[in-house]
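Q: Take a look at this one; I'll ask things after.
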Amino acid sequence: MTESTSTDLPQEVEEPMATVAASASSVGGGPAMTPAASSDPASIGAEVVFDVRDLDVYYGAFRAVRDVNLQIHKKEITAFIGPSGCGKSTVLRCFDRMNDLIEGARVEGKVLYHGVDLYDDRVDPVEVRKRIGMVFQKPNPFPKSIYDNIAFGPRLAGNKENLDDLVERALRQAALWDEVKDRLKKSAMGLSGGQQQRLCIARAIAVEPEVILMDEPCSALDPIATARIEDLMQELKAEFTILIVTHNMQQAARVSDRTAFFTTEINSHSDTRTGCLVEYAPTNKIFSAPEDERTENYVTGRFG
Amino acid sequence: MNDLIERTDTGELLLRDTTRRSRRVRNRLASIWMTGSLIVAVVPLALVIGYVLVKGIGQLTPDWFTKDLPAVTRKAGGGMGPAIVGTLLITLTAAVMAVPLGILGAIYLHEYGGRGRVARLIRFMADVMTGVPSIVMGLFVYTVWTIAHGLSAFGGALALACLMLPIIIRTTEEMLKLVPDELRLASYALGNRKWRTIVTVVLPASFGGITSGVMLAIARAAGETAPLVFTIGAARKLNLSIFDGPTTSLSVQIFGNAQTPFEAAQARAWGAALTLVAIVFILTILARVVSAAVARRHNA
């Protein structure tokens, strides 16, 4: 790292620290359904949705991520942060078995979802994805009408009645209804990037999943659209468990209850990089009193 | 580095480079060349259509569409009804066979086969088939079908289907390639199965392109002569049966009539040519309208 960047960065990290403190207090004193999630490190009261045990992910012979152990709690927002290539998106895709679609990808270890291993032979990945929704980095609405985008999932499930109500409810939940209610039959491609991303969230919600995975949902959006998505996440937390991968530390600090920090290790013999989980704790702890030096270096901007 | 910038005036340099005479001359020459190429390409096309129109329009009376072919080609009279119906019937039968097969084949190649060995082999064979001369396809169908079952519209349709199939496979595969993977992922993430993703997302998104490819194949097949000469024979009267007995087509009539030294027959060939062009033209427009309507319904 060069001289100039290392002197620039600490100024930037003043802000996340400040926002952590602010969000921690506001979350703690805010909605009742997050019982002091960010202030109490233990918070064992929250039900565990996912229990990840010794997860390794391989692409062919290459081990992309090793030894991930963590638990995801119900109706919380869990953020995965870390430098590029640390495997945070790879781990996220293990939660809805989207890794199955990548040729050569192989998963070892267990991802227990309410006690059932998602990688059990008897588990149908399609059924997994009906319960665990996903929002992608780039907004990817179907080239269909707004209405048809939202109704897509319910129609698959054979739901033909009350589609109108369902669509309206999903759009309201995604804070998009007022903007699109007069043009439901118009193409979704005509929406702005931020609206498209909220449409994708609405589309995921319409299937009524328990968990929503978000893979850098704001990285293609401007700050205003980003703020709207972040607000939306706070509202959705009342009903859904949310996992978010983000490059943006401030975002993790602002929205999440818990944060997992991943990093890369260079394998000395093969010159490849393997991602690993460094630290997983309540968000305010990760940002204010991390236990691992690598976490501290990352969140204070000295590395990555 | 600093010295260099101080010594040369950057703005001056920029102006000189962008307005340099030789650059402008080359730019102009390239533009003229491209425009000229376009005109050269359009001229024969316009001439062909114009010529066919002028020479053939006189033939298009009501009788032309309804009457049977004349018994004696050297005299004027009669119509082209059996050939028009024959062309439509044969092309339609060929399309019914080739379009579903071709689209399903392309779906296999792109969505399932990928870069596997089988898919690569099929793709290669399709490319080879695109290059097979139509007369060879006609001979092939003559040997495997016509010898055993006699002349019929179906034999011609078989040959045309063989010609259409590789075109449909390759154009459809290209269109499927254009559908972004993000859409497939979005569909899978909603708990949609693969076959249903193809039916509900991939095919609707590529419908317009696939229609164009299919139309290209149909237009090509409708004008084929060589494979039909072997397989459908030469009927003079209307034959509505697909499997039974010889029939005729516009392309075969053009071929036959144009070869004769008689003026009436040659005029008939021009009329048939115009009718064929018109049929292909109308089919293409119809396909455009249909695909635009479908696209509107989907993308509204």
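Chains G and F, in that order, are what the protein sequence lines are.
Residue 1 is where the first sequence starts when you use our numbering, and the numbers rise one by one after that.
Residue 1 is where the second sequence starts when you use our numbering, and the numbers rise one by one after that.
Heads up, the beta-carbon is just placed ideally off N, CA and C, and yes, glycines get one too.
Keep in mind it's a predicted model, so treat the numbers as computed, not measured.
1) Would you identify the three-state DSSP class for residue 142 of chain G, choosing helix, strand or coil?
2) At which residues does the alpha helix (DSSP H) containing residue 200 of chain G begin and terminate?
3) Report yes if the C-beta distance between residue 130 of chain G and residue 190 of chain F is below 9 Å; otherwise report no.
4) How about residue 212 of chain G and residue 132 of chain G: do their beta carbons lie closer than 9 Å?
5) With residue 103 of chain F and residue 167 of chain F assumed to form a contact (beta carbons below 8 Å), what rounded beta-carbon distance in angstroms separates them?
6) Give me the residue from F:90, F:83, F:78 with the minimum Cα distance to residue 264 of chain F.
7) At a CB-CB cut-off below 7 Å, which residues of chain F make contact with residue 130 of chain G?
8) Based on the DSSP output, what are the partners of residue 110 of chain G in its beta bridges?
9) So is residue 270 of chain F buried or exposed if we call it buried at 16+ other beta carbons inside 10 Å?
10) Using a 10 Å radius around the Cβ and a threshold of 16 neighbouring Cβ atoms, would you call residue 13 of chain F buried or exposed?
11) Just the Cα atoms here: how many angstroms apart are residue 75 of chain F and residue 258 of chain F?
12) Answer with yes or no whether the minimum CB distance from residue 188 of chain F to chain G is below 9 Å.
13) When the Cα atoms are used, what is the spatial distance from residue 295 of chain F to residue 204 of chain F?
14) Using the rule of at least 16 other Cβ atoms within 10 Å of the residue's Cβ for burial, across every protein chain shown, is residue 285 of chain G buried or exposed?
15) Pick from F:280, F:291, F:253, F:100: whose alpha carbon is nearest that of residue 267 of chain F?
16) Any contact of the segment 214-231 of chain F with the segment 146-163 of chain F, i.e. 3+ C-beta pairs under 8 Å?
17) On the DSSP bridge list, what partners appear for residue 77 of chain G?
18) Assuming contact is defined by CB atoms lying nearer than 9 Å, are residue 86 of chain F and residue 235 of chain F in contact in what I supplied?
19) Does the segment 110-120 of chain G come close enough to the segment 141-161 of chain G that 3 or more CB-CB pairs lie under 8 Å?
20) Just the Cα atoms here: how many angstroms apart are residue 18 of chain F and residue 35 of chain F?
21) Tell me the DSSP secondary structure of residue 80 of chain F in three-state form.
22) For residue 124 of chain F, verify whether its CB is less than 8 Å away from any heavy atom of the ligand FMN.
23) Can you give me the start and stop residues for the alpha helix (DSSP H) that residue 163 of chain G sits inside?
24) For a test of the three-state rule: what should DSSP assign to residue 304 of chain F, helix, strand or coil?
25) Does the beta carbon of residue 140 of chain G come closer than 9 Å to any beta carbon on chain F?
26) Taking the alpha carbon of residue 272 of chain G as the reference point, which residue from G:55, G:91, G:66 has its own alpha carbon closest?
27) How should residue 293 of chain G be labelled, buried or exposed, when 16 other C-beta atoms within 10 angstroms of its C-beta is the threshold for buried?
28) Is the separation between the beta-carbon of residue 255 of chain G and that of residue 233 of chain G shorter than 9 Å?
29) Just to confirm the assignment: which complete beta strand (DSSP E) runs, minimum length 3, are found wholly within the segment 218-300 of chain F?
30) Compare the beta carbon distance of residue 81 of chain F and residue 273 of chain F with 9 Å and say whether it is the shorter of the two.
31) Quick one: is residue 182 of chain F near chain G, going by C-beta distance under 9 Å?
32) So that I know if they touch, is there some Cβ in chain F lying closer than 9 Å to that of residue 156 of chain G?
33) Starting from residue 265 of chain G, trace the beta strand (DSSP E) in both directions and tell me its first and last residue.
34) Between the beta-carbon of residue 290 of chain G and the beta-carbon of residue 258 of chain G, is there less than 9 Å?
35) Using 8 Å as the cut-off, can you tell me whether the segment 66-85 of chain G makes contact with the segment 258-267 of chain G, which would need three or more C-beta pairs spanning the two stretches below that distance?
36) Report the option in G:195, G:138, G:125 whose CA atom is closest to the CA atom of residue 100 of chain G.
A: Here's the rundown:
1) Within the first sequence, numbered from 1, the residue matching residue 142 of chain G stands at position 142. Here residue 142 of chain G sits in coil by DSSP.
2) For the purposes of this step, residue 200 of chain G is identified with residue 200 of the first sequence, where counting begins at 1. Run containing residue 200 of chain G: 193-205, per the alpha helix (DSSP H) assignment.
3) Residue 130 of chain G sits at position 130 when you count from the first residue of the first sequence. Residue 190 of chain F sits at position 190 when you count from the first residue of the second sequence. For residue 130 of chain G and residue 190 of chain F, yes; Cβs fall inside 9 Å.
4) Locating residue 212 of chain G in the first sequence gives position 212, counting from the first residue. Locating residue 132 of chain G in the first sequence gives position 132, counting from the first residue. Yes, the pair counts as a contact, with Cβ atoms nearer than the cut-off.
5) Walking along the second sequence from the start, residue 103 of chain F turns up at place 103. Walking along the second sequence from the start, residue 167 of chain F turns up at place 167. Incorrect: roughly 12 Å between the Cβ atoms, too far for contact.
6) Here residue 264 of chain F refers to the residue found at position 264 when the second sequence is read from its first residue. The option with the nearest alpha carbon to residue 264 of chain F is F:78.
7) As a first step, residue 130 of chain G must be located in the first sequence, where it is residue number 130. Neighbourhood of residue 130 of chain G in chain F, by CB distance below 7 Å: 191, in chain order.
8) Residue 110 of chain G sits at position 110 when you count from the first residue of the first sequence. For residue 110 of chain G, DSSP records a beta bridge to G:53.
9) Numbered from its first residue, the second sequence carries residue 270 of chain F at position 270. Counting Cβ neighbours within 10 Å, residue 270 of chain F comes out buried, since at least 16 surround it.
10) Translated into positions along the second sequence, residue 13 of chain F becomes position 13. Classification of residue 13 of chain F: exposed, given that the 10 Å Cβ count is below 16.
11) For the purposes of this step, residue 75 of chain F is identified with residue 75 of the second sequence, where counting begins at 1. For the purposes of this step, residue 258 of chain F is identified with residue 258 of the second sequence, where counting begins at 1. Straight-line Cα distance between these residues: approximately 14 Å.
12) Taking the first residue of the second sequence as 1, we reach residue 188 of chain F at position 188. At least one chain G Cβ lies under 9 Å of residue 188 of chain F.
13) Residue mapping note: residue 295 of chain F aligns to position 295 of the second sequence, counting from 1. Residue mapping note: residue 204 of chain F aligns to position 204 of the second sequence, counting from 1. Between residue 295 of chain F and residue 204 of chain F, the C-alpha separation is close to 8 Å.
14) By 1-based counting over the first sequence, the position of residue 285 of chain G is 285. Buried: at least 16 other Cβ atoms inside 10 Å.
15) Working through the second sequence from its first residue, we reach residue 267 of chain F at position 267. Checked all of F:280, F:291, F:253, F:100; the closest Cα to residue 267 of chain F is F:253.
16) yes
17) Walking along the first sequence from the start, residue 77 of chain G turns up at place 77. G:242.
18) The count along the second sequence starts at 1 and reaches residue 86 of chain F at position 86. The count along the second sequence starts at 1 and reaches residue 235 of chain F at position 235. For residue 86 of chain F and residue 235 of chain F, yes; Cβs fall inside 9 Å.
19) no
20) In the second sequence, residue 18 of chain F corresponds to position 18, counting from 1. In the second sequence, residue 35 of chain F corresponds to position 35, counting from 1. So the two alpha carbons sit approximately 23 Å from each other.
21) Along the second sequence, one-based indexing puts residue 80 of chain F at 80. Residue 80 of chain F falls in the coil class under three-state DSSP.
22) Here there are no bound small molecules, and the ligand FMN is not part of this structure.
23) Sequence index remark: in the first sequence, residue 163 of chain G carries index 163 (1-based). Residue 163 of chain G -> alpha helix (DSSP H) spans 163-173.
24) What is shown of chain F runs 1 to 300, which leaves residue 304 of chain F out entirely.
25) Looking up residue 140 of chain G in the first sequence gives position 140. True, the Cβ-Cβ gap to chain F drops below 9 Å.
26) If you number the first sequence from 1, residue 272 of chain G lands on position 272. That would be G:66, whose Cα lies nearest to the Cα of residue 272 of chain G.
27) Taking the first sequence and counting its residues from 1, the one referred to as residue 293 of chain G is at position 293. The residue is exposed, with fewer than 16 neighbouring Cβ atoms inside 10 Å.
28) The count along the first sequence starts at 1 and reaches residue 255 of chain G at position 255. The count along the first sequence starts at 1 and reaches residue 233 of chain G at position 233. Yes, the pair counts as a contact, with Cβ atoms nearer than the cut-off.
29) none
30) On the second sequence, residue 81 of chain F is found 81 positions in, with the first residue counted as 1. On the second sequence, residue 273 of chain F is found 273 positions in, with the first residue counted as 1. No; because the gap between Cβ atoms is not below 9 Å, this pair is not in contact.
31) In the second sequence, residue 182 of chain F corresponds to position 182, counting from 1. Contact of residue 182 of chain F with chain G is assigned, a C-beta pair being separated by under 9 Å.
32) In the first sequence, the residue the question calls residue 156 of chain G occupies position 156. Cβ-Cβ to chain F under 9 Å: yes for residue 156 of chain G.
33) Counted from its first residue, the first sequence places residue 265 of chain G at position 265. Counting along the chain, the beta strand (DSSP E) containing residue 265 of chain G begins and ends at 258-266.
34) Stepping through the first sequence from its first residue, residue 290 of chain G is reached at position 290. Stepping through the first sequence from its first residue, residue 258 of chain G is reached at position 258. Contact: no.
35) As far as the Cβ criterion goes, the segment 66-85 of chain G touches the segment 258-267 of chain G, which means the pair count is three or higher.
36) Within the first sequence, residue 100 of chain G is the residue found at index 100, counting from 1. With distances taken between Cα atoms, residue 100 of chain G lies closest to G:125.
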